[in-house]
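Scroll down for the structure; my scribbles are underneath it.
Chains as they are written, first to last, in the working numbering: chain A, -5 to 447; chain B, -5 to 447.
Structure (C-alpha cells):
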C-alpha cells in the first residue's frame, strides 16, 4: 500500500526466543563484584534475590533463550505490537526522512515493562516463590509487575519513590487494583528507609533508596525474591522482543534503519530495541547509527563516569561497572521519573565504551514540546520518557530536511502518557522548568563512589 | 491453537463499510420531530448543526455506507481491534461458558469513541467546517473528538459536565494536549449555561445541559457545527465496525454467540456491537440473546418511558422518540459518567420495543467488583462503563456454572480505566455507595416531558 502506516506481524510470526547479545560482542562486559571481597559474584550470592533461571539468564553464554509457553500466552494479550510509520509527523516537519516507531503502549500496563515483568513473575512462580518485592519511580515498572504478579498468583510489595507516591495517587491505585501493596519510599518498614528518614525526615526519595528497601525485605524473607525492571542483563534480554519484532516489520516495510534512537533510564527499552539491530550491524548486514537519549537532569552516559558503583543508595547490591553519577546522586524531580536513575545498564555501558552506540542528553521542555507535536500529529500522547526519543527523532528529521537526506529513523514509543497528564498540564500552563545541573553537583555526587577496583 | 486467546484480523480484512440496520428492521423507527411544528424534521432543520453527509447518513435507507479512505487511514492506527477469549476469567469463575470480549481500549483515546469521532471530524473538514462544538460527561467522547479534530485540523470547543471537570482534571489536560478548548458546564459562555447558573449557582451539570450549551454555540456560528458522541443513527452506524469485526473474529474462533451483552448510556457501544449480530439473527443465521446493561442510577430502558422527549435540558434539540427518564432528570454522580444520560438511542429504543433485545440494570458496586476481578484475571482494567457489561457476563457465566451449559458469551470492553482510577480508589477504600433511585424521583422527572405527540 502506498500510504501504509501500520506494519503488523501475525501471532505465528511472534519471536519465540529472546536475544542475548553478549556472545556476539568483541569482548564480554566486566562482571558484577561482591562489595566485600571484590570478587565476581556467583550464583549463590544472588540466590536470595533471584530464582535460579533468572540468575542463569543473567550470565548466560547462549545467543538465544526460548520464551516459555506460559509467557508467550500472556504476551499474546498485546503482542506482536505494531510498527507505525509517522507519516503525519513527517508531513508536519516537512522532512524527507521516514520515521518509524514501535509502539509498546498497547500493553495492558501501557508500556514496554510487561515484556520482562511477565517472565520474571513466571520464573519466580515456577520456582515456588510466593512473594516478590520491587521498587518503582514513575510507576510504569510497579504497574507492570503488579499486572504480571496478578496473573501468576504472586503477592507483590512495591516501594514507590515518595515524590511519585504523593504526586501520582492514581499510579498507586492502579497497582492496588492489580492487588499489589504499595509503600512510599523511604518508608518506616525497612532499616534502609528508617536510616534515610532519620537523617532526612522530608526525603522525597530516589530509585536508589527504593531499591535498597525492596532488596532488604526480599533478602530477609526466605519465601520472597526481588525483581528489577531495568539495568540487568536478563531484563534487557527480555526486552529484545521489541527489536526482534521491529526488525521483521521494517523488512515488511522494505526499509533498513539509518538511525535508531531510544530513551534511556536504566537502559531496558533502548537495549531491547537496539540489541537485535546491533547484532545485524556487527554482522555487517546493516549500518545504523544507534543513539541513546537521556535526560539532561540525569545524564549518566554523557556526564557520568565509567566505574564500579552500587546499584542502590544503601550499598546492598553487588558492585556494577557502569556509567554512573554516583549512587548518592539525587536527580531533579523531572517528570520522566523512569529516567531518574543514577546508573546505566552495565551491558549498555560496555557497548558504549566499545564505541558501538552514541548518546545525547535533552532538557525536558524540548522533550515535552516534541511530545505535544507528536500527540497532535500522530494521535498518541507519549509518556514523558519516550518524549526524549521523539525529540531526538524530530532533531534528526529536521537535519534531513536541511540536507535533503531520505534517512530512515526508527524509535520505540515505549509507553503512552495517559497516567502522566500532570506533566503535560505543567507544560501547557508554562510551569515546566529546566534546571541546570552543574559540574560541581556531579563532582560532589561522584565523590560518593566506592574506592576504585 | 488449543489455548488461543486472541483473534486478529488482517488490515486487509478490516470492514470497508458501516452497517445501517434500519432497512433490515420490520418497521422503521419513528422520526425526530420539530419541537414547534411537531412535524418530522428535514435536512434543512439539521443543517446548522451537521454537515450534509452526516445528515444523509442519519436518514439513509442504504444497508451499507462505504468508509472513506481518509477515515480508514486513521482507523488503521489501531484497527482492527483484537477479540480476546477470557480464559483466565472463565477459569477463575469455574464456568463452562466461553467468554469473548472485543477490546476497543487499544485506540489512542482509550475507548471505542474514535470510531465515530474520526468520520465526524472528516466529514466536517471535507465540508469546509473549521470549528466544532461538543459536550462530554466522563471525558471519553471529548477526548476522542479532540484526537480526531487534531488530525483533521479542526478547532474544537468542549463543554464538560462540571462534576467531571472538577473531579477529572487529567481528562481536561488530555483534551488540551490534543489542542481542544474545554469549558465546565454549566458555563457563563452560553445563554443555556447562564440560565442554569442563575437558578442553581452550584450546579454540577448534566449531559443534557452540556448538550444545550454546545448546540447553542454551534447554531450561532455559521462556520461551526456540532458533534454528538452517541444516541443518533449515524453515530451508532459508525460504531458497527466493532460488531462487523467481532462477527468475523468469532467465526475464526469457530464459535457463534448465545448471549451478547453490552453497556448502554446513549447506546453507541452497545449498538455498534449488537447491530451486525442482530442482522444475522433477523436473517435466521444465528439466534443470540442480546442484552443491554445500564446503570441502576440511570435506567432509561428498564424504568424510563417510551415517549418523545428533548435530547437536551434546554429543549434546543428536535424531539426524539426514545426510552427516557425525562430531559430534566439529573442522575446520581456515579463513576460511569458515560452512562449518565437521560435518554436512549431512538434506534435502540425502537428495537427494544420490537422485542429484539432485552435490558437489565446494575448497581455500580457490583460492576466495580466485576471490574476488579477482570483486572486481576485478564490483566486489563476496564473503564467504569464496561464494568457493567463485565458484571453481566459474570452473572451469565455463573448461571452456566449452575446449569452446566457451555454458552458462548460475547461483550465489548469499550475502554480501559486508566483515566478513571479515582473510581477504583473509591471502590478499594470502601467508599463507593449505591443510592436507591425511588419511583417518586423518576415520576417527578417524567412530569417534565413535553406534551404527548
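For every residue, glycine included, the Cβ atom is placed at its ideal position computed from N, Cα and C.
- Here the C-alpha atom of residue 308 (chain A) lies approximately 6 Å from the C-alpha atom of residue 206 (chain A).
- Closer than 8 Å at the C-beta level to chain B, one finds no residue of the region 52 to 65 of chain A.
- The alpha-carbon of residue 377 (chain A) is positioned some 39 Å away from that of residue 58 (chain B).
- Between residue 67 (chain A) and chain B, the shortest Cβ-Cβ separation is below 8 Å.
- Taking a contact to require three or more Cβ pairs closer than 8 Å, the region 279 to 295 of chain B and the region 420 to 427 of chain B do not qualify as touching.
- Excluding five sequence positions before and after residue 381 (chain B), the CB atoms of its chain that fall closer than 7 Å to its own CB belong to 361, 362, 364 and 365, given in chain order.
- Looking at the DSSP output, residue 304 (chain B) bridges to B:313.
- Residue 51 (chain A) counts as buried, since at least 16 other C-beta atoms from the protein chains shown sit within 10 angstroms of its C-beta.
- Put simply, the backbone Cα of residue 0 (chain A) is about 15 Å away from that of residue 371 (chain A).
- Put simply, the CB of residue 170 (chain A) is near chain B, with a gap under 8 Å to one of its CB atoms.
- Look at the region 16 to 86 of chain A and you find these whole runs of alpha helix (DSSP H), each 4 residues long or longer: 37 to 40, 46 to 52 and 63 to 69.
- DSSP, read as helix, strand or coil, puts residue 337 (chain A) in strand.
- Close CB contacts of residue 131 (chain A) within its chain, under the 7 Å cut and outside five residues either way in sequence, are with 155, 158, 201, 331, 332 and 334 (chain order).
- As the crow flies, the alpha-carbon of residue 144 (chain A) is around 30 Å from that of residue 137 (chain B).
- Cβ-Cβ distances below 6 Å link residue 203 (chain A) to 179, 180, 190 and 307 in the same chain, with the five nearest sequence neighbours on each side left out; the list follows chain order.
- Rounded to whole angstroms, the gap between the alpha carbons of residue 126 (chain A) and residue 368 (chain A) is 37 Å.
- Residue 339 (chain A) and residue 264 (chain A) have their C-alpha atoms spaced approximately 10 Å apart.
- Distances from the CA of residue 346 (chain A) to each of A:239, A:19 and A:170 were compared; the closest alpha carbon is that of A:19.
- DSSP places residue 279 (chain A) in the coil class of the three-state scheme, outside both helix and strand.
- In summary, residue 46 (chain B) is exposed, with fewer than 16 beta-carbon neighbours lying within 10 Å of its beta-carbon over all protein chains present.
- Interface flag for residue 419 (chain B) against chain A is set, since a Cβ pair is found closer than 8 Å.
- With a threshold of 16 other beta carbon atoms within 10 Å, residue 430 (chain B) falls short and is exposed.
- Judged by DSSP secondary structure, residue 155 (chain A) falls within the beta strand (DSSP E) whose first and last residues are 149 to 155.
- Counted as a single uninterrupted DSSP element, the beta strand (DSSP E) harbouring residue 178 (chain A) occupies residues 175 to 179.
- Interface residue (Cβ-Cβ distance to chain A less than 8 Å): residue 178 (chain B) is not classified as such.
- Put simply, the backbone Cα of residue 293 (chain B) is about 9 Å away from that of residue 318 (chain B).
- If you check each beta-carbon in the region 97 to 109 of chain B against every beta-carbon of chain A, the ones closer than 7 Å belong to 100, 102 and 104.
- Here residue 380 (chain B) carries a helix assignment [DSSP, helix/strand/coil].
- Cβ contact annotation for residue 197 (chain A) (same chain, cutoff 7 Å, sequence separation greater than five): 156, 180, 190 and 191, in chain order.
- The Cβ-Cβ distance between residue 22 (chain B) and residue 34 (chain B) does not fall below 8 Å.
- With a beta-carbon spacing of about 13 Å, residue 135 (chain B) and residue 162 (chain B) fall beyond the 8 Å limit used to define contacts.
- Residue state for residue 443 (chain B) is assigned as coil, using DSSP reduced to three classes.
- Excluding residues up to 5 positions away in sequence, 65, 68 and 142 lie with their Cβ nearer than 6 Å to the Cβ of residue 112 (chain A) in the same chain.
- At a C-beta separation below 8 Å, residue 167 (chain B) has these neighbours in chain A: 415, 416, 418, 419 and 422.
- Taking 4 residues as the minimum length, the alpha helix (DSSP H) runs contained wholly in the region 196 to 225 of chain B are 201 to 213, in order along the chain.
- Membership of residue 11 (chain A) in the beta strand (DSSP E) is indicated by the continuous run 11 to 13.
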